[in-house]
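What follows is a set of notes on a single structure, which appears directly below.
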Amino acid sequence: TAKGVCAIEFGDDPDALVRGLQDRFPKAKLVGGDPAFEQTVAHVVGFIESATQSLDLPLDLRGTAFQQRVWSAISDIPRGATASYGELANRIGHPTATRAVAQACAANPVAVAIPCHRVVRRDGGLSGYRWGAERKRALLRREGAI
Numbered sequence: 268t269a270k271g272v273c274a275i276e277f278g279d280d281p282d283a284l285v286r287g288l289q290d291r292f293p294k295a296k297l298v299g300g301d302p303a304f305e306q307t308v309a310h311v312v313g314f315i316e317s318a319t320q321s322l323d324l325p326l327d328l329r330g331t332a333f334q335q336r337v338w339s340a341i342s343d344i345p346r347g348a349t350a351s352y353g354e355l356a357n358r359i360g361h362p363t364a365t366r367a368v369a370q371a372c373a374a375n376p377v378a379v380a381i382p383c384h385r386v387v388r389r390d391g392g393l394s395g396y397r398w399g400a401e402r403k404r405a406l407l408r409r410e411g412a413i
């Protein structure tokens, strides 16, 4: 959007990704080959592949106030570290809202920009991930968290 990036998706099928974006944003005009878009995509890919690059992109996040607080807390988890859903619930002042924190993670519209892959179960195990457990494991390995 004019305000910033509103969606970052993972997938193996480019056509399926485009269809998903069209379903999610039916009034949006998807334009391929736009230089600014291509630069943003390259920046996101570079962030994923690099252990040092930061992802400083303007974001246009739409969610409830609770989701916004959860996403902000997730953004504070440094690369190479993880936090549990319960720890995040405590950080935002809602220690009994572990399940709601997990739901906010699942609603994250911007994959690695809000690094929900860094959120794990209390025992450190990997839990569900919107883009697949193997992708979550790969991201955490790349960051040195596991």
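At position 65 of the sequence shown the residue is numbered 332 (my numbering), and the sequence of numbers has no breaks. Cβ atoms here follow ideal geometry from the backbone N, Cα and C, with glycine treated the same way.
C-beta contact flag for residue i and residue j at 8 Å
i	j	result
Thr349	Arg397	no
Cys273	Asp323	no
Ile315	Val379	yes
Ala241	Gln335	There is no way to answer for residue 241, as the model of the chain reaches only from 268 to 413.
Trp338	Ala371	yes
Ala356	Pro362	yes
Gly353	Arg402	no
Beta bridge counterpart(s) of residue i as assigned by DSSP
i	result
Val387	Ser351
Val272	Leu326
Val377	Ile275
Where the alpha helix (DSSP H) containing residue i begins and where it ends
i	result
Thr365	Thr365 to Ala373
Val337	Ala332 to Ser342
Gly313	Pro302 to Glu316
Gly287	Pro281 to Arg291
Lys403	Ala400 to Glu410
Spatial neighbours of residue i in its chain, beta-carbon cut-off 6 Å, leaving aside the 5 residues before and after
i	result
Arg346	Glu410
Ala364	Ala356
Gly278	Leu284
Cys383	Ile341, Cys372 and Asn375
Spatial neighbours of residue i in its chain, beta-carbon cut-off 8 Å, leaving aside the 5 residues before and after
i	result
Leu297	Val285, Leu288 and Gln289
Arg404	Leu393 and Ile413
Phe304	Val298
Ser321	Phe314
7 Å CB neighbourhood of residue i in its chain, flanking five on each side removed
i	result
Arg208	Past the edges of the chain, shown from 268 to 413, lies residue 208, and the structure says nothing about it.
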